[in-house]
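End of the sequence shown sits at 223 in this note's numbering; the numbers just go up one at a time, nothing left out. Structure first, commentary second.
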Amino acid sequence: MEWQESLAGEHSLLLNGLSDIGLSITDTQKNLLMRYLAMFIKWNKAYNLSAIRDPKAMVTLHLLDSLVVAPHFKGENVLDVGTGGGLPGIPLAILFPETQFTLLDSAGKKIRFLFQVVNELGLKNVTVQNLRVEKFAPVDKFDVIISRAFASITDFVSCSGHLLADNGAFWAMKGQNPVDELSQIEKHYIVAGFQPLTVPGLDAERCLIQLQPRTNPSTDTQP
Ligand SMILES: C[S@@+](CC[C@H](N)C(=O)[O-])C[C@H]1O[C@@H](n2cnc3c(N)ncnc32)[C@H](O)[C@@H]1O
1 MEWQESLAGE
11 HSLLLNGLSD
21 IGLSITDTQK
31 NLLMRYLAMF
41 IKWNKAYNLS
51 AIRDPKAMVT
61 LHLLDSLVVA
71 PHFKGENVLD
81 VGTGGGLPGI
91 PLAILFPETQ
101 FTLLDSAGKK
111 IRFLFQVVNE
121 LGLKNVTVQN
131 LRVEKFAPVD
141 KFDVIISRAF
151 ASITDFVSCS
161 GHLLADNGAF
171 WAMKGQNPVD
181 ELSQIEKHYI
191 VAGFQPLTVP
201 GLDAERCLIQ
211 LQPRTNPSTD
221 TQP
């Protein structure tokens, strides 16, 4: 799919945003991000992948909002829970081709779109799963389980906790610092990392929270 003429403005917006985030990526990766955007725009008309319809808003609210975690990123075997149309999993998989990504969603039409994305873009490091996360029982567990706009932190960790490897971490992409949500899980999880994030072109709070299970909840919570 060609995007060069129809999405020239979106391409500039993406390049400026990548620069603002401080990401230096190859031309091939930029091209893959734009091809993903072009597919998202096309399929969104029939598949209702996202309520955001304006292509420039998609650059900011989908691509850059996903990529803003990239400077903090590490992980070898990553699960994106409730990935929807592939966010943040597809942009991150494009940036980190050595990392294995599993993108999971219960909605069949979103998964059909993702199979097409993986095939057309040739993303060899991406596997797609169509089921509820509670039912997912892979052989290997994940060292990073990430989600964006999926659920409350309590629901996120409770429905996918069985999938976290030893020493692994949940990565919750949130808006405002969710103090109340964190207070509900502090008995069982510690905040291993907290990064306030600035999404280029977006005047709204964003943060990334890394959570790890407490090794001994009963003693760790003693005063
Ligand atoms: C609001 S969308 C967010 C999609 C994407 N992460 C994003 O940021 O654009 C939430 C997604 O979670 C999926 N979902 C909800 N409950 C789920 C579950 N228990 N297991 C797997 N997917 C689930 C829905 O189908 C939906 O695609």
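All C-beta atoms in this analysis are idealised placements derived from N, C-alpha and C, irrespective of residue type, glycine included.
Tell me, which residues are paired with K56 by DSSP?
The residue given as residue 56 occupies position 56 in the sequence shown. Beta-bridge pairing links K56 to no other residue.
Sorry if obvious, but does the Cβ on G175 come closer than 6 Å to a heavy atom of ligand 1?
As a position in the sequence shown, residue 175 is number 175, starting the count at 1. G175 has its Cβ no nearer than 6 Å to any heavy atom of ligand 1.
Through-space distance from N216 to G85, alpha-carbon basis
The residue labelled residue 85 in the question sits at position 85 within the sequence shown. The residue labelled residue 216 in the question sits at position 216 within the sequence shown. Answer to the nearest angstrom: the Cα atoms are 37 Å apart.
Is P71 helix, strand or coil when you go by DSSP?
In the sequence shown, counting from the first residue as 1, residue 71 sits at position 71. The answer is helix: DSSP assigns P71 an H, G or I state.
Could I get the ranges of all uninterrupted alpha helix (DSSP H) runs contained in the region 101 to 172, with 4 residues as the minimum, in chain order?
Segments of the alpha helix (DSSP H) lying fully in the region 101 to 172: 108 to 121, 153 to 160.
Within 6 Å: the Cβ of T83 and any heavy atom of ligand 1?
Indexing the sequence shown from 1 puts residue 83 at position 83. Within the chosen limit of 6 Å, ligand 1 reaches the beta carbon of T83 through at least one heavy atom.
Runs of beta strand (DSSP E) lying entirely within the region 181 to 211, each at least 3 residues, in chain order
List check, beta strand (DSSP E) in window: 189 to 197.
Given the structure, does R53 come close to ligand 1, in the sense that its CB is under 6 Å from one of the ligand's heavy atoms?
In the sequence shown, the residue the question calls residue 53 occupies position 53. Not one heavy atom of ligand 1 is found less than 6 Å from the C-beta of R53.
CA nearest to the CA of K74, picked from K110, A169, A38, H188:
As a position in the sequence shown, residue 74 is number 74, starting the count at 1. Closest by alpha carbon: A169.
Cutting at 7 Å between CB atoms, please list the residues of its own chain near H11, excluding the five before and the five after it.
On the sequence shown, residue 11 is found 11 positions in, with the first residue counted as 1. Once the five neighbours on either side are set aside, the close Cβ partners of H11 are M34.
Hey, out of Q195, H72, L163, whose CA is closest to A137's CA?
For the purposes of this step, residue 137 is taken as the residue at position 137 of the sequence shown. Ranking Q195, H72, L163 by Cα distance to A137 puts L163 first.
Cross-strand partners of V78 (DSSP beta bridge):
Start at 1 with the first residue of the sequence shown, and residue 78 comes out as number 78. In the DSSP output, where bridge partners are listed per residue, V78 has F101, V144.
Would you say the beta carbon of D155 is closer than 6 Å to some non-hydrogen atom of ligand 2?
Only ligand 1 can be found as ligands here, which leaves ligand 2 out of the picture.
Shortest alpha-carbon distance to C207 belongs to which of T102, S19, A172, L121?
Stepping through the sequence shown from its first residue, residue 207 is reached at position 207. Considering only T102, S19, A172, L121, the residue with the shortest C-alpha distance to C207 is A172.
Cβ of V117 within 6 Å of any heavy atom in ligand 1?
Numbered from 1 along the sequence shown, position 117 holds the residue referred to as residue 117. The answer is no for V117.
Would you say the beta carbon of D105 comes nearer than 6 Å to a heavy atom of ligand 1?
By 1-based counting over the sequence shown, the position of residue 105 is 105. Within the cutoff, so yes.
Expressed to the nearest angstrom, what Euclidean distance is found between the alpha-carbon atoms of M58 and N44?
Translated into the one-based positions of the sequence shown, residue 58 becomes position 58. Translated into the one-based positions of the sequence shown, residue 44 becomes position 44. Our two residues, M58 and N44, have alpha carbons roughly 11 Å apart in a direct line.
Whole-angstrom distance between P200 and P55, CA atom to CA atom:
Residue mapping note: residue 55 aligns to position 55 of the sequence shown, counting from 1. Residue mapping note: residue 200 aligns to position 200 of the sequence shown, counting from 1. Within the model, the alpha-carbon separation for P55 versus P200 is close to 15 Å.
Tell me, please, which residues DSSP counts as bridged to P213.
On the sequence shown, residue 213 is found 213 positions in, with the first residue counted as 1. Residue pairing of P213 in beta bridges, as defined by DSSP: Y189.
Taking just the CA atoms, how far does D143 sit from N167?
The residue labelled residue 167 in the question sits at position 167 within the sequence shown. The residue labelled residue 143 in the question sits at position 143 within the sequence shown. If I take the Cα positions, the gap works out to 7 Å.
Ignore the nearest five residues each way along the sequence and tell me which others in E134's own chain have a CB closer than 6 Å to its CB.
Taking the first residue of the sequence shown as 1, we reach residue 134 at position 134. The beta carbon of E134 sits closer than 6 Å to the beta carbons of C159 from its chain, once the five residues preceding and following it are set aside; these are given in chain order.
Which listed residue (L123, P213, A149) has its alpha carbon closest to that of T28:
One-based indexing of the sequence shown puts residue 28 at position 28. The residue from L123, P213, A149 with its alpha-carbon nearest to that of T28 is L123.
Determine the contact status of G89 and D105, defining contact as a CB-CB distance below 7 Å.
Residue mapping note: residue 89 aligns to position 89 of the sequence shown, counting from 1. Residue mapping note: residue 105 aligns to position 105 of the sequence shown, counting from 1. No; because the gap between Cβ atoms is not below 7 Å, this pair is not in contact.
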